[in-house]
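A short write-up of the structure that comes next.
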Amino acid sequence: MAQLKYYYDLMSQPSRALYMFLKLNKIPFEEKPVALRKGEHKTEEYKKIHPFHLVPALHDGDFKLTESLAIVEYLMSTQNAADHWLPRTDARKRAKLIIPRATGKPVDQEKVKKGRENVKRVVKDLESYFLKDTPFLSSNEITVADIFGACELMQLYAVLEEGLYESSPIVKAWMARVRERTNPQFDEANVMVYRVRDMYKKLAKL
1 MAQLKYYYDL MSQPSRALYM FLKLNKIPFE EKPVALRKGE HKTEEYKKIH PFHLVPALHD
61 GDFKLTESLA IVEYLMSTQN AADHWLPRTD ARKRAKLIIP RATGKPVDQE KVKKGRENVK
121 RVVKDLESYF LKDTPFLSSN EITVADIFGA CELMQLYAVL EEGLYESSPI VKAWMARVRE
181 RTNPQFDEAN VMVYRVRDMY KKLAKL
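Residue numbers (the UniProt record's numbering): 1 to 206.
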């Protein structure tokens with residue numbers, strides 16, 4: 001089987017989540033970083049990789065996948081990934097997993113500010129429903145829903161808005177659990193987030 005080729009930008013939340021998934025499950029792949037900030041995704045050459053000029057994308061030989069959940073499903077079916085990530089045999093557990101819709105685009109601080117009320121509602125739903133009785137999202141074991149969800153919230157962390165979710169002790173503790181369970185891959189995948197955060201900290205002091 002040809003080696004997997006993974007096209008990604010670590011500023012993209014679904015890219016980070018899938019990068020973590022590949023690394024955590026020790027799935028060999030060829031790294032194909034795509035710098036969105038440089039417009040590398042807008043070229044005609046990249047259109048052959050992803051018809052909508054987005055990240056992430058996965059190629060297995062001539063077989064191409066360009067949607068995050070489809071990539072997870074494919075990897076679960078073809079690679080030796082642990083079942084708890086996306087239960088193969090338990091349809092009810094599988095149906096309960098909520099994976100955030102991912103845009104593949106970098107964080108937009110203005111949208112973050114305008115969407116604060118929406119974020120607060122999401123946090124309330126997380127603590128009152130998805131994390132009400134379990135340490136992870138509707139599960140006693142970590143799943144792909146957790147790494148996708150955590151990567152979404154890390155967008156807020158990047159722009160110094162983590163208070164929107166850390167105001168909930170339950171959600172804050174869940175984020176800490178996800179990071180603990182997935183490190184060092186978590187920090188490796190979020191290295192660009194940490195750099196952007198440092199930049200925003202410096203700007204805040206001006």
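We put the CB at the ideal spot given by N, CA and C, even for glycine. Computed from a predicted structure; not experimentally measured.
As computed with DSSP, D60 is found in a beta bridge with L4 and F63. Residue V144 holds the alpha-carbon nearest to the alpha-carbon of K23 among V144, D198, E166 and K172.
The beta carbon of D146 is closer than 6 angstroms to those of F136, L137 and V178 in its chain, skipping five residues each way along the sequence.
Around the CB of N190, 16 or more other CB atoms lie within 10 Å, so the residue is classed as buried. Taking the C-beta atoms as reference points, M11 is found nearer than 8 angstroms to M192. Y6 is classed as buried because its beta carbon has at least 16 other beta carbons within 10 Å across all chains shown.
Rounded to whole angstroms, the separation of the alpha carbons of N80 and K64 is 20 angstroms. A straight line joining the alpha-carbon of K42 with that of L58 spans about 17 angstroms. Under DSSP, K120 forms no beta bridge with any residue. At a Cβ-Cβ threshold of 8 angstroms, P87 and S68 do not count as neighbours.
Beta-bridge analysis with DSSP links S139 to F136. Setting aside the 5 residues that flank it on each side, I142 is surrounded in the same chain by F136 and R181, each with a C-beta closer than 6 angstroms to its C-beta; the list follows chain order.
Residue nearest to C151 within the set K48, L18 and R195 is L18 (criterion: CA-CA distance). Bounds of the beta strand (DSSP E) holding E31 are F29 to P33.
Ranking L126, E31 and Y200 by CA distance to the CA of S15 puts E31 first.
Taking C-beta atoms as the reference points, L4 and I27 count as a pair closer than 8 angstroms.
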